[in-house]
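Peer 1: Just so you know, the protein sequences line up as chains A and B, in that order.
Heads up: the first sequence begins at 520 in this note's numbering, then just goes up one per residue.
Heads up: the second sequence begins at 7 in this note's numbering, then just goes up one per residue.
The beta carbon of each residue, even a glycine, is placed where N, CA and C say it ideally should be.
Treat the numbers as computed from the prediction; the structure is a model and nothing was measured.
Below you will find the structure I want to go over with you.
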Amino acid sequence: MLKILLKRQLIEDMLTSRFFISLVLIFGAVCAFSLVFADHFHKSLDSYSKVMSQNDRNLQQFARSPMKNLSSPRQSFLLKPKPELFISEAYEENIPQGFLYDPGNHSLQLLSPKEEVSGAQHYRSISKRENLADVLTYSPDLTFIVQVLLSFLALILAFGAVTAEKEKGTLPLIYSNPAKRAYFILAKYLSALFTVAISLFLGLILSLILLNVLSVVPLSFSLISSFSLFFLVSIIYLSVFILLGILCSVLSHRSKNSLVLCLLIWVFLVIVFPKSTGMLLTMKRFDVPTGEEITQLAQKTYNETADRLEKQLPADWSRMNFDKYRRNELFLKLESEVDKSQQDTLDYYLRKKLSAVAAARRVNSFSPASLFEYSASSVSGTGLYHFESLWTQILRYENDFLSFVKNERSVLEKGSFFYLTPETISDKPLDFNAIPKFEDKNPKPGERLKDALPYVGLLVLYNLFLFAFVFYKFQTYDVR
Amino acid sequence: MIRTIIKREFLDNILSFKFIACVLVALVIISICTAVQSEDYRGRLKNYDEGMASAREKLTDVPTYSCLTVEVYKRPSPLSIFVSGIERKAGSHVTITHMDIPASLKGEAVRNELADIVSQFDFSSVIVVVFTILAILLSYNAITGEKDDGILSLVLSNSVPRYRLLLGKYLGGLISLAVPLALCFILGIFIVYFFKGADVNGKFLFTMAWYYFLALLYLSCILLIGIFVSARTKSPFSSLIVLLGFYIIFTFLVPLGVRSYADREILRKATFLENNVYSFVDEKIKNSEALNEENRLNPPSWILFDYSYQGYVLSRINPKRLVDYYKKITSLYQELNEDYAEKIYEFKRKDQQTEEQIRHVQNLILAFIPPPSFERISELTADTGEDSLNRFLHNTARYWDQYVGYLSEKDAFGLKYFFPGPEKLTPYEEDLVRKISDDRAGLITVGSHVDYRGKYLEEAMNYKPRIPFLNLDDMPRFIDSGQTLVQKIRDSFFNIVVLVLYNLGFFVLAHFSFNAYDPRQGV
């Protein structure tokens, strides 16, 4: 019975003009967006590789004479542009583009989004004026297509599920057949889901082809896995809207009312709510100092710690004759602590910023559209997730680099405290190839999915709840 | 008769669920976002006032003309509470030196750079999102709905001319939009007044009234499109679905596509500076090295040279020959820097012009699509958009010319690092000079010049002479008078005209479609 109902519904859904129009719309959007994406992606990949080769040059200089060039292994670690950005751009251009690591000064600083990364900071091109996006701006990616266009299609397919049948008078007819109510609603749901899934699937295939042809992105396993994860997440998200549509239909007696209700819910959940929670971040609780103030605070911590620790040094110590203490273990320990206190302040505020955004995201969890946006950004490894993963990778690399220098070129006896200063390393050339190099790796699909899991879980919960509600309501629906 | 129709339409509308839901949502969002933005504006205004005060303060203790750097703050627009535009993100001030003509603002208005991910709603977005939807919902069944209910034939049998019915429907819808819109404006202004966001004065209210009119013009356009579509379709469903399809396409999809394409074009074409700046900087370095080589002082005797503020003190007690030498060479450097600042600015201008051209085309295209066109009109009216930023930067560039002119008039260059006190040294200073000159052991060679690190260093560093500060009353001041309402209207004239034309055009179209409409049911 379910089969027959499903077949009938599918034919009804797929042969409507709304399905074809939305298909055309999706294809058009995919084509336009991939045109915009292709060029930009290569350009940003180019500038990324320029910065990476500058890093290599700095490391080479360091390898030639480690002691003299201790300030030169400065490296900029940037967010590597990924082809996955086409799935979800997640405002990656608007967040800080990475970190500047300076082992000589033991500092890891946030590169501000305004900064020109390739060197000539003072002559930042006017064309690179940061994206001063307005409120209602979205990014041209697949997430937008699913979040706004397809969710709308889902509602349009489902709003008349029950009411339209009633108005046509076919509903009592179906009941006269031995069809269970559950089967009827299930058929409606599955058919709409299938229709949406088909259009999404075609859109994804088209974008994969366009990506391959236009921007010459090879079809790697990781890209395809990102696409499939995105497909999965999108289906869960769209299912929420189909269920919402059916719910509206069950709750109202006329299709017209159902459509109006659907529309209001859609506008609120997809546009108004996700776009207005940014106001939360202006609250006192989430307030952070400006960049300048943070630098000053870090400097202050540095000075305070230095003053406090200076007392532990021998009495004949003064700032003018510290050459003598340079290799002293106690001195090195204290110096490392002072540097660490400065770095800790910077890290503290970065974590605070991240947690403020996370709090705003938690509030946004109310809206399935935001949940979808976040899970899409996580499964494709872009946006804030990319930034956080970059940070973790850099911290790991920092350890690797320091322990490499310690093992290779430390002039201190083994066992004594190592701290990277010109006096503690020898000046013999290093093997450039052996120095660990940093590379921004895309986390494995499993890890990405794990990060998206809370959001996806909530979406699934939404689904279950809505499904139960629809089911319950429909059992008591008056079909006359 | 027309009054009856309007009255019926109005009552019908305001008692419907959709109307109440939309208005409630709009009121709630507006009250929250206006309160938040008021607070934000107050913060920015405070920042502006403090910045201006500290800039004035700094001008009172400038020892030499060449140390004269001026900070110019951009005054936040009071209407940014309603139309946030790019004001919060663009920065707050520029620092004017002779080395650089600013092409972007400094100062971080957005504290948490990671929070760019979540945006804030404002009054104008409520109009573009919620009120547009309301206008669509009020008009999609203007004609088809009546037909479905069977009322249309009834009304038409009452010897009402069709154009009157149409006019009545339109005016009824417009009033049902104008009333909640007015409510929102009053609520917004009240919140601004209550939270002391901006100074609610005559000018503010006048601009708000003009903005209200513009919003109504925009909504009337949407309303007429709705009535037109309703008169062309057979059932309210198809009418609503067509309208919503248009809404999504023209509010989100097309503007997004056009803006992204424009962004891409800007990135691709406005690369003049990027392509030339490196060779240019190399050239500058080469020139300055040549300058250094030409004027090399052989051999340097001793100099206490410190680039900090105390440097004035130390340079004061350097031998006159060295002071003269450094005066000369820094003067040459300043000319070089100024020259290059102008050239770099020319480069930047070229890119800026390319950007402006592309943006111009973008705005021209978007002017024909009501929602983005209204967004632009809002930004122009509130003076918070990119045009406002560009105007400010343009003004600062003009001010830079005056500023540099003033400096050269005062013969400022060449004195940058030198104490501007009287020629003759005081007895104490003479004593210090003699002591340091005798202390030959304290001189060490650092790179190309000789540095003093002897036992009198501390004394010389701690010596604080009385520094006479400059009187800068005759200095040219930066004036940013802001846009008057007439200028704002002139800037957004094209967009407004297009909206008016849309209104007229769609009214005529709706009229013709309605005249040919078949009011019978079930045909």
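Can the beta-carbon of D128/B be found closer than 8 Å to that of F88/B?
Peer 2: What you label residue 128/B is simply residue 122 of the second sequence in a count that begins at 1. What you label residue 88/B is simply residue 82 of the second sequence in a count that begins at 1. A contact, by the Cβ cut-off of 8 Å.
Peer 1: Between the beta-carbon of I606/A and the beta-carbon of S718/A, is there less than 8 Å?
Peer 2: Against the first sequence, residue 606/A aligns to sequence position 87. Against the first sequence, residue 718/A aligns to sequence position 199. Not a contact, by the Cβ cut-off of 8 Å.
Peer 1: Would you verify that the beta carbon of G194/B is, or is not, closer than 8 Å to some beta carbon of chain A?
Peer 2: Position 188 of the second sequence, counted from the first residue, corresponds to residue 194/B. No, because no Cβ of chain A sits closer than 8 Å to the Cβ of G194/B.
Peer 1: Of the choices A276/B, A141/B, A516/B and F374/B, whose alpha-carbon is the least far from that of V29/B?
Peer 2: Reading the second sequence from its first residue, position 23 is the one you call residue 29/B. Cα-wise, what sits closest to V29/B is A141/B.
Peer 1: Under 8 Å Cβ to Cβ from S771/A, same chain only, skipping five residues before and after it: list those, please.
Peer 2: Position 252 of the first sequence, counting from 1, holds the residue named residue 771/A. Closer than 8 Å at the Cβ level, and outside the excluded window around S771/A, lie T682, S777 and L780.
Peer 1: Relative to the C-alpha of L985/A, which candidate in V876/A, T995/A, I765/A and S922/A has its C-alpha closest?
Peer 2: Position 466 of the first sequence holds residue 985/A. L985/A has its Cα closest to that of I765/A, out of V876/A, T995/A, I765/A and S922/A.
Peer 1: Exposed or buried, which one is E295/B when buried takes at least 16 other CB atoms within 10 Å?
Peer 2: For the purposes of this step, residue 295/B is identified with residue 289 of the second sequence, where counting begins at 1. Result: exposed.
Peer 1: According to DSSP, is S163/B helix, strand or coil?
Peer 2: On the second sequence, position 157 is the one that residue 163/B refers to. Coil at S163/B, not helix or strand.
Peer 1: Between which two residues does the alpha helix (DSSP H) carrying H561/A extend?
Peer 2: By 1-based counting over the first sequence, the position of residue 561/A is 42. Start and end: S536 to R583.
Peer 1: For E927/A, which of Y916/A, S566/A, S945/A and N613/A has the nearest alpha-carbon?
Peer 2: As a first step, residue 927/A is located in the first sequence; it is residue number 408 there, counting from the start. Of the candidates Y916/A, S566/A, S945/A and N613/A, the one whose C-alpha sits nearest the C-alpha of E927/A is S945/A.
Peer 1: Can you give the Cα-Cα distance for L246/B and S236/B, rounded to whole angstroms?
Peer 2: Here the question's residue 246/B lines up with position 240 in the second sequence. Here the question's residue 236/B lines up with position 230 in the second sequence. Approximately 8 Å between the Cα atoms of the pair.
Peer 1: Three-state secondary structure (DSSP) at I944/A?
Peer 2: Along the first sequence, one-based indexing puts residue 944/A at 425. Three-state DSSP puts I944/A in a strand.
Peer 1: I'd like to know if I102/B contacts chain A, where contact means its C-beta is closer than 8 Å to some C-beta of that chain.
Peer 2: Indexing the second sequence from 1 puts residue 102/B at position 96. It does not: the Cβ of I102/B has no partner Cβ on chain A nearer than 8 Å.
Peer 1: How many Å lie between L674/A and N164/B at the Cα?
Peer 2: In the first sequence, counting from the first residue as 1, residue 674/A sits at position 155. In the second sequence, counting from the first residue as 1, residue 164/B sits at position 158. Those two C-alpha atoms are separated by around 39 Å.
Peer 1: My output table needs one value for V78/B: the three-state DSSP class, helix, strand or coil.
Peer 2: Within the second sequence, the letter at position 72 stands for residue 78/B. Note: V78/B maps to strand in three-state DSSP.
Peer 1: When the cut-off is 8 Å and only beta carbons count, does I254/B lie next to chain A?
Peer 2: Here residue 254/B corresponds to residue number 248 of the second sequence, with the count starting at 1. Yes, contact with chain A.
Peer 1: Under a Cβ-count criterion, where at least 16 other Cβ atoms within 10 Å of its own Cβ denotes burial, should Q818/A be classed as buried or exposed?
Peer 2: The residue labelled residue 818/A in the question sits at position 299 within the first sequence. Q818/A should be labelled exposed.
Peer 1: Report the three-state DSSP secondary structure of R9/B (helix, strand or coil).
Peer 2: As a position in the second sequence, residue 9/B is number 3, starting the count at 1. Three-state DSSP puts R9/B in a helix.
Peer 1: Determine contact between the segment 886 to 897 of chain A and the segment 974 to 984 of chain A, defined as no fewer than three beta-carbon pairs at a distance below 8 Å.
Peer 2: Yes, they touch.
Peer 1: On the DSSP bridge list, what partners appear for I102/B?
Peer 2: Translated into positions along the second sequence, residue 102/B becomes position 96. BP columns for I102/B point to V76/B.
Peer 1: A184/B: which of L158/B, C227/B, K202/B and K153/B sits nearest, CA to CA?
Peer 2: Position 178 of the second sequence, counted from the start, is the residue given in the question as residue 184/B. Ranking the options by Cα distance to A184/B, first place goes to C227/B.
Peer 1: For I383/B, which residues in the same chain have their Cβ closer than 7 Å to its Cβ, ignoring the five residues on either side in sequence?
Peer 2: As a first step, residue 383/B must be located in the second sequence, where it is residue number 377. Cβ within range, chain order: L220, S498, N501 and I502.
Peer 1: Between the segment 52 to 80 of chain B and chain A, which residues of the former have a C-beta closer than 7 Å to a C-beta of the latter?
Peer 2: Residues: none.
Peer 1: Taking 8 Å as the CB-CB limit, is P615/A close to chain B?
Peer 2: As a first step, residue 615/A is located in the first sequence; it is residue number 96 there, counting from the start. It does; some Cβ of chain B falls within 8 Å.
Peer 1: Can you grab the Cα-Cα spacing for the pair S307/B / E300/B, in whole Å?
Peer 2: Taking the second sequence and counting its residues from 1, one reaches residue 307/B at position 301. Taking the second sequence and counting its residues from 1, one reaches residue 300/B at position 294. Unreliable placement is indicated for S307/B, whose pLDDT of 49 sits below 50; no coordinate value is reported for it.
Peer 1: For G488/B, count neighbouring Cβ atoms within 10 angstroms of its own Cβ and tell me buried if that reaches 16, exposed if not.
Peer 2: Taking the second sequence and counting its residues from 1, one reaches residue 488/B at position 482. Result: exposed.
Peer 1: On the DSSP bridge list, what partners appear for D621/A?
Peer 2: Along the first sequence, read from residue 1 onward, the residue named residue 621/A stands at position 102. BP columns for D621/A point to S626/A.
Peer 1: List the endpoints of the continuous alpha helix (DSSP H) containing S519/B.
Peer 2: Here residue 519/B refers to the residue found at position 513 of the second sequence. Per DSSP, S519/B belongs to the alpha helix (DSSP H) from F499 to N521.
Peer 1: Where G203/B and L816/A are concerned, what is the direct C-alpha to C-alpha distance, given to the nearest angstrom?
Peer 2: Stepping through the second sequence from its first residue, residue 203/B is reached at position 197. Stepping through the first sequence from its first residue, residue 816/A is reached at position 297. Those two C-alpha atoms are separated by around 30 Å.
Peer 1: If we ignore side chains and look at the alpha-carbon of each, how far apart do K947/A and Q616/A end up?
Peer 2: Within the first sequence, the letter at position 428 stands for residue 947/A. Within the first sequence, the letter at position 97 stands for residue 616/A. K947/A and Q616/A: Cα-Cα distance of roughly 35 Å.
Peer 1: Answer with yes or no whether the minimum CB distance from P808/A to chain B is below 8 Å.
Peer 2: Indexing the first sequence from 1 puts residue 808/A at position 289. Yes, because at least one Cβ of chain B sits closer than 8 Å to the Cβ of P808/A.
Peer 1: Under 8 Å Cβ-Cβ, which residues of chain C neighbour P242/B?
Peer 2: Protein chains A and B are contained in the structure displayed, whereas chain C is not.
Peer 1: Between the alpha carbons of V769/A and Y991/A, how many angstroms are there, rounded?
Peer 2: One-based indexing of the first sequence puts residue 769/A at position 250. One-based indexing of the first sequence puts residue 991/A at position 472. Cα to Cα, V769/A sits roughly 10 Å from Y991/A.
Peer 1: Q408/B lies in the alpha helix (DSSP H); which residues open and close that run?
Peer 2: Position 402 of the second sequence, counted from the start, is the residue given in the question as residue 408/B. Run containing Q408/B: E392 to E415, per the alpha helix (DSSP H) assignment.
Peer 1: Where does the unbroken beta strand (DSSP E) through S595/A begin, and where does it stop?
Peer 2: Position 76 of the first sequence holds residue 595/A. Start and end: Q594 to L597.
Peer 1: Cα separation between Y409/B and P482/B?
Peer 2: Position 403 of the second sequence, counting from 1, holds the residue named residue 409/B. Position 476 of the second sequence, counting from 1, holds the residue named residue 482/B. Going from the Cα of Y409/B to the Cα of P482/B covers about 7 Å.
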